[in-house]
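Going left to right, the sequence shown walks through residues 34 to 252 as our numbering numbers them. We treat Cβ as the ideally placed atom computed from N, Cα and C, and that holds for glycine. On a predicted model such as this, the values are computed, not experimentally measured, just so you know. Below: one structure, written as structure tokens.
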Amino acid sequence: MEITAQSLSHFSASPHLFHSKASSSLVASTTSLPFRSKNILTLQPQLLGVRIKTKQQRSLGVGPICASKTETPPPTDVSERWLLEPVGDGDTRHIGFKVQMPNAFEIASNVVTVGRLPEKADLVIPVATVSGLHARIRKKDGNLLVTDLDSTNGTFIDDKRLTPGVVATLSPGSRVTFGDEHLAVFHVSKLENVEAASNPGPSEDEVETVFPTENTKTD
């Protein structure tokens, strides 16, 4: 019981001590705030060396631009074009009705097909004696090649009928016939032209380097 009383008497004095400790803790916590703010302030000089991109800079892609002579695009390669011009006499008596003569065809693609049906052929010849898918024309190594695709009335170079599936060369000045010597015969010619680069690169004296603006406002 005496020990208990001493404990209680000691405990009665402890609120004062507890209050002191709490006050000390509160003071310590408040006095530690300047220390934290000091740490925050010491970081600010480091942020001065950091560049923050604005939305405008990110969208425009502002940044250092380096240019050299090697970035100049090379000139455009020689563009080969072949022309098929109709040279038939337009006689339609073998068909029994009038048929319009086909137009001239310029071959710019590497591979084209020739025939009567638009859904099957690239070069359409609306003549009944021409097969739906008649022949294939291909450009290779400066030459124009033609292959008969097992047509009904055949494909001819000058007066020679081609074997179906066998590739033959069309020379400039020759004639090619797609099934009809009156309505589907064409003179072959080759056209060449050299196109300069449309957008030449800047010269060494015209190179300009662009740097980001230092005073750009951030959002």
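Where residue i falls, given that 16 or more other Cβ within 10 Å makes a residue buried
i	result
D213	buried
F219	buried
V144	exposed
T109	Residue confidence for T109 is low, a pLDDT of 33 falling below 50, so the modelled location carries little weight and cannot support an answer.
F130	exposed
S142	exposed
L203	buried
L224	exposed
V120	exposed
P135	buried
Beta carbon of residue i nearer than 8 Å to that of residue j
i	j	result
V209	T180	no
S222	L156	no
I190	T162	no
F217	I140	It is Ala, not Phe, that sits at residue 217 in the sequence shown. Against a cut-off of 8 Å, the Cβ pair of I140 and A217 comes out as no contact.
L195	T188	yes
E113	G206	no
Whole-Å CB distance - residue i paired with residue j, under 8 Å assumed
i	j	result
L182	R169	6 Å
T146	A137	Actually they are not in contact, since the Cβ atoms of T146 and A137 sit about 17 Å apart, beyond 8 Å.
G148	L166	4 Å
Those residues which DSSP pairs with residue i across a bridge
i	result
D181	A168
G148	V157
K173	N176
F211	T188
K193	I190
L116	E139, S222
L203	L177
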